[in-house]
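The numbering of the sequence shown is this note's numbering, which starts it at 1090 and goes up by one.
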Amino acid sequence: MAAAAVAMAEQVVADFREKCTTPASLLRDLASAMADEMGAGLEKEGGSRVKMLLSYVDKLPTGREEGLFYGLDLGGTNFRVLKVQLGGNKKHVVNRESREVTIPPHLMLGSSSELFGFIASELAKFVADEEKCANSSNRKQRELGFTFSFPVRQRSVASGTLVKWTKAFSIDDAVGEDVVAELQTAMEKQGLDMHVAALINDAVGTLAGARYYDEDVVAGVIFGTGTNAAYVEKVNAIPKWEGELPSSGDMIINMEWGNFYSSHFPVTEYDQALDKESLNPGEQIYEKLTSGMYLGEIARRVLLEMSLQSAIFGDIDHTKLKTHFLLRTPHISAMHHDETPDLKDVAEKLEENLEITGTSLETRKMVVEICDIVSRRAARLAAAGVAGILKKLGRDGPIGKQRSVIAIDGGLFEHYTKFRECLESTLDELLGEEASKSVAVKHMGDGSGIGAALIAASQSQYKYVEQQ
Ligand code: ADP
Ligand code: MG
């Protein structure tokens, strides 16, 4: 490879690295900005880009819930149906069955009735298969918790209208509609006797699922296809609240923090172009910097620019490298974690996905560095968000023995080890040695599905007690 090409390529990487730097001082400012936006969003409707939606979940599961409950988790890529048997009295989950289904991409852009029809039919199949093996005579109506991970404006725990789609979804006729009513109608068409007891999102579900096992959990955060967070707020800190205050004095807030924005974000021309060409330009900027749907795509854009500028990959056909979203976050994760001496996995991923062959070791190292820059910036910005929540809660300083646990879920956090490690170490860096001793980050696997079933359980059992 000509030295000039290498130098040109290195220049593209150096320029990208420089624009993506996230010094601790910047992250501390972003954490403060997040805390301020949280306050502004709680102050009044429309007070912030961070919507701080009321979830109408005013109590989290305690471990005493008992009975059979269903969960349905619609995220960004797959949906899961699950059934849990809760043992009550701290026995926790005594049995669980689940199934994961990929959403056919055309349904993400089709009509509301097609999407919900598909979900209800898969749910009906799951229930039918499950009940074949179980004695289901004399059963009560089935209770379902529905995890729907898109912004929803709620008026009660079991209803909510869709504010807008995010991630890869765009179904116009669903916006402004009550997603519970849509699901309920679709289930009736399937002849499925099931009642939606709670509508939540994955962040609320992760919080609930983790709190079920650990009382010190204060927030649930998602880094999957998209990103979001939910936490427990005191109702007297929610000026925009209208109506009756819950007796618990608490309210779970669905932050919708993916829409957080600061003019101090370390954005590059690649991010700007990605945003402009996205389904939701100008929106979800924090999400576009920190979540799984986008990290591979950012890297692809940098690789393309590097190739066009320097011909570092040789005289290649750029069709693949120009295809949006062809390079996915799991691919950059695999390249980033390549520990072979000659970066064999990097070579393989480049060839498989982008038809780039015959790269030198030097070139592969540059590719790894691009993955590193993209994921490090994401993880550090992610940590700033978490620090923002702790700041809002007054738990970002040394506070005696009080422990704060942040439960995190999502495919990016779960599978991208370097992202996860960087998030955790950056959070320690931002909190400082003393405060970080009382803060723990915990992975809550499948919290969103379990959480929905748990909230359905606590809601329906509460209702039952009320009626006595
Ligand atoms: P959802 O957000 O749709 O509910 P998940 O939480 O399972 O789904 O997250 C899926 C996302 O996680 C994918 O879009 C992908 O970006 C990311 N992901 C999945 N596997 C990996 C991996 N091995 N490495 C990095 N990221 C991954
Ligand atoms: Mg999910």
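C-beta atoms are modelled at their ideal positions from N, C-alpha and C, and glycine is treated no differently. Owing to the predicted nature of the structure, the values given are computational and were not obtained by experimental measurement.
Check: Using DSSP bridges, identify the partner residues of GLU1155.; Outcome: GLY1176
Check: Is the beta carbon of GLY1164 within less than 6 Å of some heavy atom of the ligand MG?; Outcome: yes
Check: Considering only residues of the same chain and omitting the five flanking positions on each side of GLY1447, which have a CB-CB separation below 7 Å?; Outcome: GLY1403
Check: At the level of alpha carbons, what is the spacing between TYR1302 and LYS1411?; Outcome: 46 Å
Check: Which residue wins for smallest C-alpha separation from GLY1280, given the options ASN1184, VAL1321, ARG1231, ALA1091?; Outcome: ARG1231
Check: Where does ARG1300 sit, in a helix, a strand or coil, going by DSSP?; Outcome: helix
Check: Use the C-beta contact count for ASP1427: other C-beta atoms within 10 angstroms, 16 or more gives buried, fewer gives exposed.; Outcome: buried
Check: For ILE1192, which three-state DSSP category applies?; Outcome: coil
Check: In this structure, how does DSSP classify PHE1354 when only helix, strand and coil are distinguished?; Outcome: coil
Check: With distances taken from CA atoms, which of LYS1454, SER1399, GLU1510, GLU1331 is nearest ARG1465?; Outcome: GLU1510
Check: Which two residues bound the contiguous alpha helix (DSSP H) that contains GLU1322?; Outcome: Segment 1316 to 1323 is the beta strand (DSSP E) holding GLU1322; no alpha helix (DSSP H) there.
Check: Just curious, the alpha helix (DSSP H) that GLN1273 is in, first and last residue?; Outcome: 1268 to 1278
Check: Looking at the ligand ADP, does it come within less than 6 Å of GLY1294, judged from the CB to the closest heavy atom?; Outcome: no
Check: By the 10 Å Cβ neighbour count, where 16 or more other Cβ atoms means buried, how is CYS1109 classified, buried or exposed?; Outcome: buried
Check: Give the range of the beta strand (DSSP E) segment to which THR1236 is assigned.; Outcome: 1231 to 1237
Check: Give the DSSP-derived three-state secondary structure of LEU1334 in the structure shown.; Outcome: coil
Check: Nearest to PRO1430 by alpha carbon, out of PRO1419, LEU1450, ALA1287?; Outcome: LEU1450
Check: Taking 7 Å as the threshold (C-beta atoms), are LEU1384 and GLU1463 in contact?; Outcome: As written in the sequence, residue 1463 is Val, which differs from the Glu given in the question. Result yes, Cβ atoms of VAL1463 and LEU1384 sit closer than 7 Å.
Check: Give a yes or no on whether the C-beta atoms belonging to ALA1529 and THR1295 are separated by under 7 Å.; Outcome: no
Check: Any chance the region 1187 to 1201 sits against the region 1118 to 1126, with 3 or more Cβ pairs inside 8 Å?; Outcome: no
Check: Using only the heavy atoms of the ligand ADP, determine whether one of them is closer than 6 Å to the beta carbon of LEU1501.; Outcome: yes
Check: If we count the other Cβ atoms within 10 Å of its Cβ and call it buried at 16 or more, is GLN1556 buried or exposed?; Outcome: Here the model assigns GLN1556 a pLDDT of 40, short of 50, so the residue's position is not dependable, and the following value carries that caveat. So GLN1556 counts as exposed.
Check: Does the region 1137 to 1149 come close enough to the region 1332 to 1344 that 3 or more CB-CB pairs lie under 8 Å?; Outcome: yes
Check: Would you check if there are 3 or more beta carbon pairs closer than 8 Å linking the region 1482 to 1500 to the region 1531 to 1541?; Outcome: yes
Check: Can you name the residues that DSSP bridges to ASP1162?; Outcome: ARG1169, THR1236
Check: For SER1238, count the other beta carbons within 10 Å of its own beta carbon; 16 or more makes it buried, fewer makes it exposed. Which is it?; Outcome: buried
Check: How far does the beta strand (DSSP E) with THR1250 in it reach, from first residue to last?; Outcome: 1248 to 1251
Check: Let me confirm a value: CYS1460 is counted as buried when at least 16 other C-beta atoms fall within 10 Å, else exposed. Which label applies?; Outcome: buried
Check: Ignoring anything shorter than 4 residues, give me the alpha helix (DSSP H) runs that lie fully in the region 1409 to 1460, in order along the chain.; Outcome: 1418 to 1425, 1433 to 1443
Check: Rank GLU1345, LEU1368, VAL1356 by C-alpha distance to the C-alpha of ALA1292 and give the top, closest one.; Outcome: GLU1345
Check: Taking the straight line between their C-alpha atoms, what separation do you get for VAL1268 and GLY1249?; Outcome: 6 Å
Check: So what does DSSP say about GLU1510, is it helix, strand or coil?; Outcome: helix
Check: Put GLN1373 into one of helix, strand or coil per three-state DSSP.; Outcome: coil
Check: In terms of residue numbering, what span does the alpha helix (DSSP H) encompassing ILE1495 cover?; Outcome: Premise fails: ILE1495 lies in the beta strand (DSSP E), 1493 to 1498, not in any alpha helix (DSSP H).
Check: List the endpoints of the continuous beta strand (DSSP E) containing GLY1309.; Outcome: 1306 to 1312
Check: When you compare only the Cα positions, how much space is there between GLY1128 and ASN1442?; Outcome: 44 Å
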